[in-house]
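Per full-length UniProt numbering, the sequence shown starts with residue 1, numbered consecutively.
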Amino acid sequence: MVVLSQPAALDHCSLIKTCKPTSVFKEIPVIDLRDPEAKTLIVKACEEYGFFKLVNHGVPMEFMTRLEAEAFRFFNLPQSEKDKAGPPDPFGYGSKRIGSNGDVGWIEYILLNTNPQVTSLKTLTIFRQNPEIFRSAVNDYILAVKRMAFEVLELMADGLKIEPKNMLSRLLRDEKSDSCFRLNHYPPCPELPVLSGRNLIGFGEHTDPQIISVLRSNNTSGLQICLRDGTWVSVPPDQSSFFINVGDALQVMTNGRLRSVRHRVLADSLKSRVSMIYFGAPPLNERIVPLASLLAKGEENLYKEFTWSEYKTSAYKSRLADHRLGPFEKTETDGQ
């Protein structure tokens, strides 16, 4: 059974940014992973929105609910206990501060490395309350989600006619993959009703820098995406499905054909939101460059060549809302 969090120990929620309410988006592409047309539909959704909902995905619901319960159990601990697993280094427990450049949100989180060969002391502290159960829940969930992500990327490559079709998934399968996993908790904010009908920002607008992000949350709303025309729309929650985001690295590898989606999360005045995100990333030394097979004859690269390490370093020096790919876009003078 999932225990709902009590009102949070994160204080002064009135100091966090707010935004105006938005409409619910009813046209989110929904893709059945077992649909014979899935590869075509995935490409279309990523071209139009950089985002889609995935159903019939094969990840056991038990894995999701078990990890959700363990996450709530951790986030319900006294603040002094949680703080022993922080501050993040970058792995571990963090609260309110998002990165080191001044971004804040109504959030607390756990960041974990998905490489079993990399162990952080902060991670060990997170698991120590209930080591066997919590670690097992995390490992089972991540393993299942990885398999699903590999399949999605291979269908995507097939739909884009990339050869071989594991061209994208191999980057996440690599033992040196820089992928990570994040558990986010957005506690209820009791002060929210007095904020003049506005919504509180839990996690500010941004794009994900990696190749692909795989999101699952409990049945509390809050996720919003930005459409191509700049309109922000709310995504209805679905605790049995996954939401897939195109990341900046994939945008570059497809030379802008697939676009990373700008998104944010809003807090709720009454209900906790817990989300689980697998960020699929390549090895640090991997060159990120538009794939030759996707370039039409005479088509120019829109981006300079860089390694994942270079882009990651640059992205994490920026603010959340910055156009992180800007410094890596080619200009007219670059070709002279």
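Don't be surprised by glycine CBs; every beta carbon is placed ideally from N, CA and C.
Looking only at its own chain, which residues have a Cβ that is under 6 Å from the Cβ of residue i, when we skip the five neighbours before and after it?
{"i": "residue 270", "result": "188"}
{"i": "residue 29", "result": "45 and 52"}
{"i": "residue 245", "result": "51, 208, 213 and 261"}
{"i": "residue 284", "result": "178, 308 and 309"}
Taking the straight line between their C-alpha atoms, what separation do you get for residue i and residue j?
{"i": "residue 214", "j": "residue 277", "result": "5 Å"}
{"i": "residue 85", "j": "residue 148", "result": "30 Å"}
{"i": "residue 60", "j": "residue 217", "result": "14 Å"}
{"i": "residue 140", "j": "residue 25", "result": "32 Å"}
{"i": "residue 258", "j": "residue 251", "result": "5 Å"}
{"i": "residue 20", "j": "residue 175", "result": "43 Å"}
{"i": "residue 220", "j": "residue 272", "result": "7 Å"}
{"i": "residue 320", "j": "residue 47", "result": "23 Å"}
{"i": "residue 89", "j": "residue 306", "result": "25 Å"}
{"i": "residue 137", "j": "residue 71", "result": "10 Å"}
{"i": "residue 94", "j": "residue 126", "result": "11 Å"}
{"i": "residue 166", "j": "residue 243", "result": "21 Å"}
{"i": "residue 64", "j": "residue 190", "result": "27 Å"}
{"i": "residue 111", "j": "residue 205", "result": "19 Å"}
{"i": "residue 92", "j": "residue 297", "result": "47 Å"}
{"i": "residue 230", "j": "residue 68", "result": "33 Å"}
{"i": "residue 108", "j": "residue 299", "result": "44 Å"}
Leaving out five residues on either side along the sequence, give the residues of the same chain with a beta carbon under 8 Å from the beta carbon of residue i.
{"i": "residue 224", "result": "22, 232, 233, 234, 235, 263, 264, 265 and 266"}
{"i": "residue 249", "result": "209, 210, 211, 281, 282, 288, 308 and 311"}
{"i": "residue 301", "result": "255, 289, 290, 295 and 330"}
{"i": "residue 114", "result": "142, 146, 177, 179, 180, 181 and 278"}
{"i": "residue 318", "result": "101 and 324"}
{"i": "residue 31", "result": "38, 41, 42, 45, 52, 53, 54 and 55"}
Would residue i count as contacting chain C if we go by Cβ distances under 8 Å?
{"i": "residue 19", "result": "Absent here is chain C; the protein component of the structure consists of one chain."}
For residue i, name the three-state secondary structure that DSSP assigns.
{"i": "residue 139", "result": "helix"}
{"i": "residue 211", "result": "coil"}
{"i": "residue 318", "result": "coil"}
{"i": "residue 46", "result": "helix"}
{"i": "residue 102", "result": "coil"}
{"i": "residue 162", "result": "coil"}
{"i": "residue 20", "result": "coil"}
{"i": "residue 145", "result": "helix"}
{"i": "residue 389", "result": "Outside the displayed range of the chain (1 to 336) lies residue 389, so it cannot be described from this structure."}
{"i": "residue 95", "result": "strand"}
{"i": "residue 173", "result": "helix"}
{"i": "residue 312", "result": "helix"}
{"i": "residue 287", "result": "strand"}
{"i": "residue 337", "result": "The shown model of the chain, from 1 to 336, leaves out residue 337, and the question about it has no answer."}
{"i": "residue 168", "result": "coil"}
{"i": "residue 234", "result": "strand"}
{"i": "residue 5", "result": "Unreliable placement is indicated for residue 5, whose pLDDT of 41 sits below 50; the coordinate value is still reported in the next sentence. Coil."}
So, for residue i: in the same chain, excluding its five sequence neighbours on each side, which residues have a beta-carbon less than 7 Å away from its beta-carbon?
{"i": "residue 316", "result": "99"}
{"i": "residue 150", "result": "169, 172 and 173"}
{"i": "residue 199", "result": "18, 19, 21 and 266"}
{"i": "residue 237", "result": "217, 219, 220 and 221"}
Looking at the strands, I want to know which residues DSSP matches up with residue i.
{"i": "residue 276", "result": "183 and 216"}
{"i": "residue 201", "result": "266"}
{"i": "residue 112", "result": "181"}
{"i": "residue 329", "result": "303"}
{"i": "residue 244", "result": "52 and 214"}
Thinking residue i and residue j are a contact (beta carbons under 8 Å), I'd like their distance in whole angstroms, please.
{"i": "residue 54", "j": "residue 33", "result": "6 Å"}
{"i": "residue 274", "j": "residue 185", "result": "5 Å"}
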